[in-house]
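J.: In this note's numbering, the protein residues as written are 630 to 883.
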Ligand SMILES: N[C@@H](CCC(=O)N[C@@H](CS)C(=O)NCC(=O)O)C(=O)O
């Protein structure tokens, strides 16, 4: 174990930004290492053997100890460092609600990332194809999740009460990518006013702008019609495609 942890990430990644912002907000000392997702370095067997069999980021190294999955990383950091109680819940019930959100998130709102991925990144990887069915599926999951989140936020300012927690950052950063890529039309946002208010509140936090800078630039690049140079041929948002898994049964590989 060491006093400074090593954070392996990529700034275009939603779960990476959530952990990154959590560390900045709570003054956790860390060294960062950007993993090149654009050329598929993360999919090399050596990388998988050493760090994460899924090849995904974020990854946290604490001495020889390695942990992956954003929620597990943040939870580990919460225990290791002297983090204010609001971040993972001050009471038993708040802690349960933070966990409730994190579990819910990974099978719902997170899967909506396909709407962003297939609108903006897929063409940079596989070229021009009709990605409309994946985008449609992503939007369906996204809007359904926004409806649930809007109800969830009816009685509290944040997801687990009246103070921010890691659950909020996890959710917020999904929407940051959708915002960067202009995925959610104004008419849809209007249907979920509590989600919009919550999103705008978190966007005003001191570290949000800096953490979001790269994805906002990348989103603008795509909206301007420019391609992001990627040499990988697999998905960056595995699990959001209609068929295949991003590494096997790749839908758009020749
Ligand atoms: N459930 C994981 C998701 C991680 C994830 O989807 N990471 C993506 C970036 S957003 C990734 O590393 N993609 C590269 C790849 O799959 O090759 C978490 O929360 O940490």
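We put the CB at the ideal spot given by N, CA and C, even for glycine.
1) Taking 6 Å as the line, does the beta carbon of residue 870 fall inside it for any heavy atom of ligand 1?
2) If you measure from the CB of residue 698, is any heavy atom of ligand 1 nearer than 6 Å?
3) Give the secondary structure of residue 635 by DSSP, where H, G and I count as helix, E and B as strand, and everything else as coil.
4) When DSSP labels each residue in this structure, what does residue 723 get in the three-state scheme?
5) Helix, strand or coil for residue 787, going by three-state DSSP, please let me know.
6) Can you pull the DSSP bridge partners for residue 659?
7) Identify the continuous alpha helix (DSSP H) that holds residue 717 and give its terminal residues.
8) Could you tell me which residues DSSP pairs with residue 690 in its beta bridges?
9) Do the CB positions of residue 768 and residue 824 come within less than 7 Å of each other?
10) Thinking C-beta only, is residue 755 closer than 7 Å to residue 881?
11) Using 10 angstroms around the beta-carbon of residue 661, count the other beta-carbons present and answer buried if the total reaches 16, otherwise exposed.
12) Work out the CA separation of residue 790 and residue 728 for me, nearest whole Å.
13) Tell me which residue opens and which closes the alpha helix (DSSP H) that residue 668 is part of.
14) Could you check the C-alpha separation between residue 703 and residue 723 for me, to the nearest Å?
15) What do you reckon, are the CB atoms on residue 669 and residue 677 nearer than 7 Å?
16) Using a Cβ-Cβ cut-off of 6 Å (strictly less than) and excluding sequence neighbours within five positions of residue 690, which residues of its own chain qualify?
17) Please name the residue, chosen from 872, 808, 816, 795, that lies closest to residue 760 on a Cα-to-Cα basis.
18) Ignore the nearest five residues each way along the sequence and tell me which others in residue 868's own chain have a CB closer than 8 Å to its CB.
19) Mapping the DSSP letters down to three states, classify residue 758 as helix, strand or coil.
20) Out of 651, 682, 813, which one is the CA nearest neighbour of residue 712?
21) Measuring straight from C-alpha to C-alpha, what distance separates residue 655 and residue 639?
22) With a threshold of 6 Å on Cβ separation, who are the neighbours of residue 821 within its own chain once the five nearest residues in sequence on each side are excluded?
23) Between the Cα of residue 861 and those of 851, 637, 665, 832, spot the shortest distance and give me the residue it belongs to.
T.: Put simply:
1) Numbered from 1 along the chain shown, position 241 holds the residue referred to as residue 870. Result no, Cβ not under 6 Å from ligand 1.
2) Taking the chain shown and counting its residues from 1, the one referred to as residue 698 is at position 69. Yes, ligand 1 has a heavy atom inside 6 Å of this Cβ.
3) As a position in the chain shown, residue 635 is number 6, starting the count at 1. Under the three-state reduction of DSSP output, residue 635 falls in the strand class.
4) As a position in the chain shown, residue 723 is number 94, starting the count at 1. The answer is helix: DSSP assigns residue 723 an H, G or I state.
5) If you number the chain shown from 1, residue 787 lands on position 158. In this structure, residue 787 counts as strand in the three-state DSSP scheme.
6) The count along the chain shown starts at 1 and reaches residue 659 at position 30. The partner list for residue 659 (beta bridge, DSSP) reads 634.
7) Here residue 717 corresponds to residue number 88 of the chain shown, with the count starting at 1. Here residue 717 belongs to no alpha helix (DSSP H), and DSSP marks it neither H nor E.
8) Position 61 of the chain shown, counted from the first residue, corresponds to residue 690. When beta bridges are read from the DSSP output, residue 690 appears opposite 635, 695.
9) Against the chain shown, residue 768 aligns to sequence position 139. Against the chain shown, residue 824 aligns to sequence position 195. Going by C-beta atoms, residue 768 is not nearer than 7 Å to residue 824.
10) The sequence position of residue 881 within the chain shown is 252, counting from 1. The sequence position of residue 755 within the chain shown is 126, counting from 1. Yes.
11) As a first step, residue 661 must be located in the chain shown, where it is residue number 32. Using a 10 angstroms sphere on the CB of residue 661, the tally of other CB atoms stays under 16, which defines it as exposed.
12) Here the question's residue 728 lines up with position 99 in the chain shown. Here the question's residue 790 lines up with position 161 in the chain shown. Using only the alpha carbons, I get a separation of about 13 Å.
13) Translated into positions along the chain shown, residue 668 becomes position 39. Counting along the chain, residue 668 falls outside any alpha helix (DSSP H), and DSSP gives it neither H nor E.
14) In the chain shown, counting from the first residue as 1, residue 703 sits at position 74. In the chain shown, counting from the first residue as 1, residue 723 sits at position 94. Going by the C-alpha atoms only, they are around 16 Å apart.
15) Sequence index remark: in the chain shown, residue 669 carries index 40 (1-based). Sequence index remark: in the chain shown, residue 677 carries index 48 (1-based). No, Cβ-Cβ distance for residue 669 and residue 677 is not below 7 Å.
16) As a working note, residue 690 is residue 61 in the chain shown. Only 635 meet the Cβ criterion.
17) Walking along the chain shown from the start, residue 760 turns up at place 131. It is 872 whose Cα lies nearest to the Cα of residue 760.
18) Working through the chain shown from its first residue, we reach residue 868 at position 239. Taken in chain order, the residues that qualify are 740, 874, 875.
19) Locating residue 758 in the chain shown gives position 129, counting from the first residue. If DSSP states are grouped into helix, strand and coil, residue 758 belongs with coil.
20) In the chain shown, residue 712 corresponds to position 83, counting from 1. Relative to residue 712, the option among 651, 682, 813 whose CA is nearest is 651.
21) By 1-based counting over the chain shown, the position of residue 655 is 26. By 1-based counting over the chain shown, the position of residue 639 is 10. If you take the alpha carbons of residue 655 and residue 639, they lie about 20 Å apart.
22) Within the chain shown, the letter at position 192 stands for residue 821. Here the set comprises 775, 779.
23) The residue labelled residue 861 in the question sits at position 232 within the chain shown. For residue 861, the closest of 851, 637, 665, 832 by C-alpha to C-alpha distance is 665.
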